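*Asks:*
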Amino acid sequence: MADPLVSLMDFLGLFELWNNWNVEMLVLVSFAFQITLTLFGSRRRSIPGFWIRFVVWSTYLLSNTVAKIVMGKLTGIDTKQIHHRELKGLLAPLIFVQIGNPDSITAYSIEDNRLELRQLLGLIIQVGVVIWIIVRCWDPTSPISFLLLPMFLAGITKYGESVWALRTALTGESGITISEIDQEENVPTLFRQLPESIPGVELILKAYYRFDCLKPHLENWLYQPLYDTHPWISIAAYPPEDVFLITEIELGFMYDVLYTKAPVIYTRQGCILRIISLLSLVSVLCGFAILSRHAGIELKYVLFIYVVLIGAVILELYQIILLPFSEWAILKMMKHHNKPGVMKCLRALGPKSSNRKRWSNSLGQFNLFSFCLHDEQLKLRRIIKFRGIDMELRKNRNRIRVDFPKELKELIVHEMKEIDTMRDSKPITQRGQWALERYGCLNSEFKWSVERF
Numbered sequence: 025m026a027d028p029l030v031s032l033m034d035f036l037g038l039f040e041l042w043n044n045w046n047v048e049m050l051v052l053v054s055f056a057f058q059i060t061l062t063l064f065g066s067r068r069r070s071i072p073g074f075w076i077r078f079v080v081w082s083t084y085l086l087s088n089t090v091a092k093i094v095m096g097k098l099t100g101i102d103t104k105q106i107h108h109r110e111l112k113g114l115l116a117p118l119i120f121v122q123i124g125n126p127d128s129i130t131a132y133s134i135e136d137n138r139l140e141l142r143q144l145l146g147l148i149i150q151v152g153v154v155i156w157i158i159v160r161c162w163d164p165t166s167p168i169s170f171l172l173l174p175m176f177l178a179g180i181t182k183y184g185e186s187v188w189a190l191r192t193a194l195t196g197e198s199g200i201t202i203s204e205i206d207q208e209e210n211v212p213t214l215f216r217q218l219p220e221s222i223p224g225v226e227l228i229l230k231a232y233y234r235f236d237c238l239k240p241h242l243e244n245w246l247y248q249p250l251y252d253t254h255p256w257i258s259i260a261a262y263p264p265e266d267v268f269l270i271t272e273i274e275l276g277f278m279y280d281v282l283y284t285k286a287p288v289i290y291t292r293q294g295c296i297l298r299i300i301s302l303l304s305l306v307s308v309l310c311g312f313a314i315l316s317r318h319a320g321i322e323l324k325y326v327l328f329i330y331v332v333l334i335g336a337v338i339l340e341l342y343q344i345i346l347l348p349f350s351e352w353a354i355l356k357m358m359k360h361h362n363k364p365g366v367m368k369c370l371r372a373l374g375p376k377s378s379n380r381k382r383w384s385n386s387l388g389q390f391n392l393f394s395f396c397l398h399d400e401q402l403k404l405r406r407i408i409k410f411r412g413i414d415m416e417l418r419k420n421r422n423r424i425r426v427d428f429p430k431e432l433k434e435l436i437v438h439e440m441k442e443i444d445t446m447r448d449s450k451p452i453t454q455r456g457q458w459a460l461e462r463y464g465c466l467n468s469e470f471k472w473s474v475e476r477f
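Numbering (the numbering used here), first residue to last: 25 to 477.
1) Between which two residues does the alpha helix (DSSP H) carrying R423 extend?
2) Can V326 and L309 be called in contact, C-beta distance under 9 angstroms?
3) Residue range of the beta strand (DSSP E) that L347 falls in?
4) Would you please state the rounded distance, in angstroms, between the beta carbons of P287 and A189? I believe it to be under 8 angstroms.
5) Where K356 and V47 are concerned, what is the direct C-alpha to C-alpha distance, given to the nearest angstrom?
6) Kindly confirm or deny that the region 178–186 and the region 142–151 touch, where touching means at least three C-beta pairs closer than 8 angstroms.
7) Check whether the Cβ atoms of D127 and Q343 sit closer than 9 angstroms, and answer yes or no.
8) For R77 and V51, I'd like the C-alpha separation in whole angstroms.
9) Whole-angstrom Cβ separation of R423 and L387, contact assumed at under 8 angstroms?
10) What does Q389 pair with, by DSSP beta-bridge criteria?
11) Examine the ligand GDP and report whether any of its heavy atoms sits within less than 8 angstroms of the Cβ of N43.
12) Am I right that T83 and F120 are in contact with their C-beta atoms under 8 angstroms? What's the rounded C-beta distance?
13) Residues in its own chain within less than 7 angstroms of S70 by CB, not counting five upstream and five downstream?
14) What are the uninterrupted segments assigned as alpha helix (DSSP H) that are 4 or more residues long and contained completely in the region 132–182, given in chain order?
15) Count the other CB atoms, across all protein chains shown, that sit within 10 Å of the CB of E322; report buried if there are 16 or more and exposed otherwise.
16) Expressed to the nearest angstrom, what Euclidean distance is found between the alpha-carbon atoms of I205 and R292?
17) For Q105 and C161, I'd like the C-alpha separation in whole angstroms.
18) Along the alpha helix (DSSP H) that carries D280, what are the first and last residues, could you check?
19) Grouping DSSP H, G and I as helix and E and B as strand, with all else coil, what is G73?
20) When you compare each of P375, E475, V332 to I59 by their alpha carbons, which one comes out closest?
21) Report the CB separation of L315 from N137 in whole angstroms; it is logged as a contact under 8 angstroms.
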């Protein structure tokens, strides 16, 4: 039997550790959340399943919550009772860098993009809070205090990128416009100038033209009805595999615009902001490495600051390294394909882009027989049933995924071409009416099903 006194001492030791290091522990938790979002933020579009979505969703929500808790604790510390208060102040802009969200995810759902004004207001409030913490923790006798300024610059840059990306998501400003690549009358010239020896580049260009003209991510967007007949927009002459690849790339552009920073980081202003944030983080790390040697700071706290600063720099470098391996980067290279060295990059990155996994390439199937016949008892069934999620969990346990067959792709493309030829640009009627008319079923027996009451 355990000694109650020993247990009490262990508890008091943990309690004291939490009192002394609670802010630092929460900063490490927030840093772990940012690593998770950086690595898995955009993987949910290519990895099916419940768990990847749950991890990204929970991490996305908790990261902002933990950051706000850290901010609140930093505003309440007694700066007169702690040594090296400037190090506590350094954590405020550092957490500001973390809540700026990684490039791979700025929004989890469409609804997040409609909260642009709330995010802008949050940016203003967070800037005010960080400035207040910096002022309270500033020590004019310590040169480390001056490191708060470049760290604050990096933080406001990262958070500003997120707000900018949310603003452009549903406004049609996708960062790279067709006019930037080429004028509309010169589009065929651009297609001819691209060498045929680079596989996949033409498909990326065509996918972006379709995305930027049709704008499928914008609600109630009206485009010219003859857009899809232009040779640089139409995909009628392509084989089924290329049609699906163009569609995958087009949907990838839509995903990036809605949920990532891609539309802003591939602009000139975005590149400048990225350089500013990286140089700011590197300058803080180098400055701390020099100034901390003779500052009399405890070794354990020096190691903690090194961990979070080096981690922030590594995450920033990792995201910069990934920038060229994107369709957005290839579009920028197409715009400057006549410049020296750009064509070599296109030859190296074009084929890799064609082979990139953009979705799971599988179909979900629901086993109705297993769902009805095998009612297995779920753990914690009463609690799950009380929360109303027992049915969803049962459905999830009876789902499987199968590979998307090539024959099905060919059938879908063939059917779509046949329908487009038969419809011949006729106006869209009631939902289901044209399908019934095509197969001769639009009679008195079924006509009622497509009529509005």
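Backbone N, C-alpha and C fix where the C-beta goes; we use that ideal spot for every residue, glycine too.
Quick caveat: nothing in here was measured; it's all calculated off a predicted structure.
*Replies:* Reading from the atomic positions:
1) No alpha helix (DSSP H) contains R423, which is instead part of the beta strand (DSSP E) from 423–427.
2) No, Cβ-Cβ distance for V326 and L309 is not below 9 angstroms.
3) The continuous stretches of beta strand (DSSP E) do not include L347, and DSSP gives it neither H nor E.
4) 6 angstroms between Cβ atoms; contact.
5) Distance between the alpha carbons of K356 and V47: 42 angstroms.
6) The region 178–186, when compared against the region 142–151, does touch it at the 8 angstroms Cβ threshold.
7) Yes. Within cutoff.
8) Cα-Cα distance, rounded: 24 angstroms.
9) In fact, because the Cβ distance is near 11 angstroms, the residues do not count as touching under 8 angstroms.
10) For Q389, which the question treats as bridged, DSSP gives the partners I424.
11) Although the ligand GDP was asked about, the structure shown includes no ligands whatsoever.
12) Wrong, their Cβ atoms sit about 18 angstroms apart, outside the cutoff.
13) Excluding five sequence positions before and after S70, the CB atoms of its chain that fall closer than 7 angstroms to its own CB belong to K381, R382, W383, S384, given in chain order.
14) The qualifying runs are 134–137, 140–161.
15) Classification for E322: exposed.
16) Reliability of the predicted coordinates at I205 is poor, the pLDDT of 46 falling under 50, and the value obtained from them is presented with this limitation in mind. If I take the Cα positions, the gap works out to 14 angstroms.
17) The C-alpha of Q105 lies about 11 angstroms from the C-alpha of C161.
18) Following the DSSP letters along the chain, one finds D280 inside the alpha helix (DSSP H) bounded by residues 264–283.
19) In the structure shown, G73 sits in coil (DSSP, three-state: anything other than H, G, I, E or B).
20) Nearest of P375, E475, V332 to I59, Cα basis: V332.
21) Actually they do not touch by this definition, with Cβ atoms about 42 angstroms apart.
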